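**Q** Residue numbers (the numbering used here), protein chains in the order written: chain A, -8 to 294; chain B, 209 to 334; chain C, 12 to 232. Structure provided below as structure tokens; questions to follow.
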Amino acid sequence: MSNAIEIERLSYRAGKTFAIEDLDLHVPTGSIYGFLGPNGSGKTTTIRLILGLLRARAGRITVLGDAMPAQHARVLAHVGYVPEQPHLDATLTVQELIDFQAAFYPRWDQARAAELVSRFELDAGQLFGRLSKGQKAKLMMLLALAQCGDLLVLDEPTDGLDPVVRRDILSALLAYVSERSATIFISSHLVHELERVCDWVAVMDNGRLIIESPMETFKRGIKRLTVSGAPRELRDAPFRMLRRESENGAGESWVVANWEPGMLAYVQGLGAVVNDVIDLDLEDGFVELLRSFRGSAAGRTTP
Amino acid sequence: MFQGVDPRSSIPLYAQIAERIRLAIANGTLSSAASLPSVRQLAAELRINPATVTQAYRELEEQGFVEIRHGAGTFVRELAPGRRARERAQHAAALVRKLLAEARRAGVPLAELQRALESELGVKST
Amino acid sequence: MIRMYRAVLSTQWKWARLVIVLGTIAGFAIPLVSIQGAAPPDRGALQAQELLHAVQSWGTLYPLLATALGLLVAIAAWAADHRGRHVHALTLPVPRWQYVLLRFGAGGLLLVAPIAAVLLGTLLATLSATLPPGLQAYPIALTVRFAFALFVAYAVFFAISAGTARTAGIILGTIAALILVQVVGGMAGIDVDLVGTVQTLLLAGPGPLAVFTGRWMLVDV
């Protein structure tokens, strides 16, 4: 199966304002797929739909080759999940939570669980409710990893945690990935963390997926160009214009996506001159992309 | 050796890693038959995708710098002596290209750059 | 499956153990205390009356204990799930109905303890007491009735708590509203016996809830 997760024309509604319409999403098997988007864009809802916690109005969701939510009991045996909010019982101890989880997963790796307890420096006898935020996150990751699933679905697993904890969690996750060829679906606001780890990136905004692309391609294509002498209208531009601003004095600054070096010819063909092409990192690209998306959605066009 | 690998740079991560290993081999930091860190170890340490490390190692193998022995690890190969010198020269050329590009961007004229270079080198040689 | 049941049982025990222990003690104590009125057999007919009266008064505790145990163990089974908004249970690789059954079975097993306590208590009470002539002890019948009442209460409250918090809230809210209307009506002088009507409907009619009504007599004619 080439895609660990496949979503086709998904539609979901909650209340009067929130809606996901016609969502298409494909997570290649074995990839580390980063899921970006502002709060309220529908990321957590999409994750809940993938796991069968919510029911869609229309569309198809296939996880590890089986339909969700129809086959959820079979599929979830191979899926590790770390939710945004701690979902475990505060009155149980670390060891009790581990033992409980172990009973439900046929592929449970007790050795890995024990190794992570010591690596994460967790006290097996401590109540979950008394753990710090970072320790809770570590335990939830531990449980997901010890299940030895083929797919890990992580909803902001390291957001809001201190740098030391983030490193520990990320290292454990990557060690797991290098030992078992698992697929990782990770949603996060920590763009720089995703940048170093993900080979695919998807951006969601307002219930819609606006980008789904290999990380390298996306990053390579996001550039800031300083251009002079360009006409107001750019007909049939092969790239995606995200922002166009006049610089004081000479020329304009363009932020574009999907840029390729060959496109210089197109710009020159307009009678313009490209003075510089600067690479932008993922965070800059992400911000500009969202700004442009919101701008065009509101009916405004930047001058 | 891998300090400052920059995921935000436009140079892909695997290329940056491969570059540093090549350099280490060229200037003798990594001697022949030395073993490189395992994919798992390096990925966890640098907190990057293991596939990235694998890609770097594969590129190095294709270029003839290392040998991947399945199950045992990745080892530096014995290099022809001219090879090391060539690598160092290539690295120096890349540094110069970078300097020239930055100077151009900052608007520093070539003549001034040359003067600065000579005075810096002059200081070092006395 | 056995592994899963054991895991569910051990967490359920942790959550319900205080209730179970107290309920077991109470189940053991009530029969003994209710019989203590049986003094040495030299007082004749009056003693029998006193005994029956004591047994009947104490007997009202059985349905109360059954209801309380059923309620508290059912709540203990699901409180953690509600706190976590069901996320953990719903992402386990078992169908929901199977998980519900596991929890029900675990609670059921724990409730054997108070039933055994009632059995022991009633047997001990009837064996150690000297009954006035004409009176019989019914330890087994009483225990069976208690067990039945306990499971009915447990099943009802379990079904309510296993649902979403919203369903449980609606049901409890309706009950509270009925009581409130009756109290307010009573204060305003309007004789509206809603609670009584509902009670009659639920408890008097033939059905499992009828087990709670009537007298619970360990010793009777």
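C-beta: ideal position from N, C-alpha, C; glycine also. Fair warning: this is a prediction, and the values are worked out from it, not measured in the lab.
Mind pulling the chain A residues with CB within less than 8 Å of L83 of chain C?
**A** Residues of chain A passing the Cβ test: none, with the nearest at roughly 15 Å.
**Q** Write down the C-beta distance between L103 of chain C and T133 of chain C rounded to the nearest angstrom, noting that I regard them as a contact closer than 8 Å.
**A** The Cβ separation is near 41 Å, so there is no contact.
**Q** With distance defined between alpha-carbon atoms, name the residue in A:L225, A:R282, A:D272 nearest to G262 of chain A.
**A** The residue with the shortest Cα to Cα distance from G262 of chain A is A:L225.
**Q** If you scan the segment 167 to 200 of chain A from start to end, which runs of the beta strand (DSSP E) of 3 or more residues do you find wholly inside it?
**A** Those beta strand (DSSP E) runs which fall completely within the segment 167 to 200 of chain A and span 3+ residues are 174 to 178, 191 to 196.
**Q** Given V19 of chain C, which residues of its chain have a CB within under 7 Å of its CB, disregarding the five upstream and five downstream residues?
**A** Closer than 7 Å at the Cβ level, and outside the excluded window around V19 of chain C, lie L113, R114, A117.
**Q** Would you list, in sequence order, the uninterrupted beta strand (DSSP E) runs of no fewer than 3 residues that lie entirely inside the segment 204 to 268 of chain A?
**A** Counting only runs of 3 or more, we get 214 to 219, 231 to 237, 243 to 248.
**Q** When burial is assigned at 16 or more other CB atoms within 10 Å of the CB, is A280 of chain B buried or exposed?
**A** A280 of chain B is exposed by the Cβ-count criterion.
**Q** Strictly below 9 Å CB to CB, what residues from chain B border H180 of chain A?
**A** Ordered by position in chain B, no residue passes the 9 Å Cβ test against H180 of chain A, which lies about 16 Å from the chain.
**Q** I'd like to check one pair, P74 of chain A with D146 of chain A: are the Cβ atoms closer than 7 Å?
**A** Contact flag set, yes.
**Q** Given this structure, state the Cα-to-Cα distance separating T334 of chain B from L325 of chain B, to the nearest angstrom.
**A** Bear in mind that a pLDDT of 47 at T334 of chain B, under 50, signals an unreliable position, so the model cannot answer this.
**Q** Name the chain B residues that come within less than 8 Å of H183 of chain A, Cβ to Cβ?
**A** Residues of chain B passing the Cβ test: P215, R216.
**Q** Evaluate W108 of chain C with the Cβ neighbour count: other Cβ atoms within 10 Å of its Cβ, from every protein chain shown; 16 or more gives buried, anything less gives exposed.
**A** Result: exposed.
**Q** Determine, using beta carbons only, whether P176 of chain A comes closer than 7 Å to chain C.
**A** It is worth fixing the name first, because residue 176 of chain A is Phe in this sequence and not Pro. Judged by the 7 Å Cβ criterion, F176 of chain A is not in contact with chain C.
**Q** Tell me where the alpha helix (DSSP H) around F9 of chain A begins and ends.
**A** Counting along the chain, F9 of chain A falls outside any alpha helix (DSSP H), though it belongs to the beta strand (DSSP E) covering 9 to 19.
**Q** Compare the beta carbon distance of R219 of chain A and G198 of chain A with 7 Å and say whether it is the shorter of the two.
**A** Going by the sequence as given, residue 219 of chain A is Ser instead of Arg. Taking 7 Å as the Cβ cut-off, S219 of chain A and G198 of chain A do not qualify as a contacting pair.
**Q** Is any beta-carbon of chain C found at less than 7 Å from that of R285 of chain A?
**A** R285 of chain A does not count as touching chain C.
**Q** Sort C:M12, C:L122, C:P125, C:G145 by Cα distance to V232 of chain C and report the nearest one.
**A** Nearest C-alpha to V232 of chain C: C:G145.
**Q** On the CB-based measure, 16 or more other CB atoms within 10 Å of its CB, does D159 of chain A come out buried or exposed?
**A** With 16 or more other Cβ atoms within 10 Å, it is buried.
**Q** Going by C-alpha to C-alpha distance, which of C:L142, C:A88, C:A173, C:A100 sits closest to A68 of chain A?
**A** Looking at the Cα atoms, C:A100 is the closest of the given residues.
**Q** At a Cβ threshold of 7 Å, is T102 of chain C touching chain A?
**A** Yes, contact with chain A.
**Q** Spatial neighbours of A93 of chain A within its chain, please: CB distance less than 8 Å, with the 5 preceding and 5 following residues excluded, ordered by chain position.
**A** If we look at A93 of chain A and ignore the five residues flanking it on each side, its Cβ neighbours are W99, Q101, A104, A137.
**Q** Rounded to a whole number of angstroms, what is the C-alpha to C-alpha distance between L200 of chain A and L271 of chain A?
**A** Spanning the two alpha carbons is a distance of roughly 21 Å.
**Q** Using the Cβ count rule (16 or more neighbours within 10 Å means buried), how would you classify H183 of chain A?
**A** Classification of H183 of chain A: exposed, given that the 10 Å Cβ count is below 16.
**Q** Which residues share a DSSP beta bridge with L152 of chain A?
**A** Paired residues: none, contrary to the question.
**Q** Alpha carbon to alpha carbon, how far is L307 of chain B from A314 of chain B? Give it in angstroms, no decimals.
**A** Each residue's alpha carbon lies about 11 Å from the other.
**Q** With a threshold of 7 Å between beta carbons, is R291 of chain B in contact with chain A?
**A** Not an interface residue.
**Q** Any beta carbon from chain A within less than 7 Å of V316 of chain B's own beta carbon?
**A** Judged by the 7 Å Cβ criterion, V316 of chain B is not in contact with chain A.
**Q** What are the start and end residues of the beta strand (DSSP E) that includes S2 of chain A?
**A** Start and end: -6 to 5.
**Q** Would you give the residue range spanned by the beta strand (DSSP E) that D57 of chain A belongs to?
**A** Start and end: 57 to 59.
**Q** Write down every uninterrupted run of the alpha helix (DSSP H) in the segment 81 to 131 of chain C whose length is 4 residues or greater and which is fully enclosed by it, in chain order.
**A** Listed in chain order, they are 98 to 101.
**Q** Can you check whether the CB of A59 of chain C is closer than 7 Å to the CB of S172 of chain C?
**A** It is not a contact, given that the beta carbons lie outside the stated cut-off.
**Q** Sort A:S109, A:I202, A:W245 by Cα distance to A221 of chain A and report the nearest one.
**A** Comparing Cα-Cα distances from A221 of chain A to each of A:S109, A:I202, A:W245, the minimum goes to A:W245.
**Q** Please confirm if F91 of chain A has its CB atom under 7 Å from at least one CB of chain C.
**A** Yes, F91 of chain A counts as interfacial toward chain C.
**Q** Are the C-beta of A104 of chain A and some C-beta of chain B separated by less than 7 Å?
**A** It does not; no Cβ of chain B falls within 7 Å.
**Q** Throw me the rounded Cβ distance for the F111 of chain A and L79 of chain A pair, which I believe falls under 8 Å.
**A** Not really, about 15 Å apart at Cβ, beyond 8 Å.
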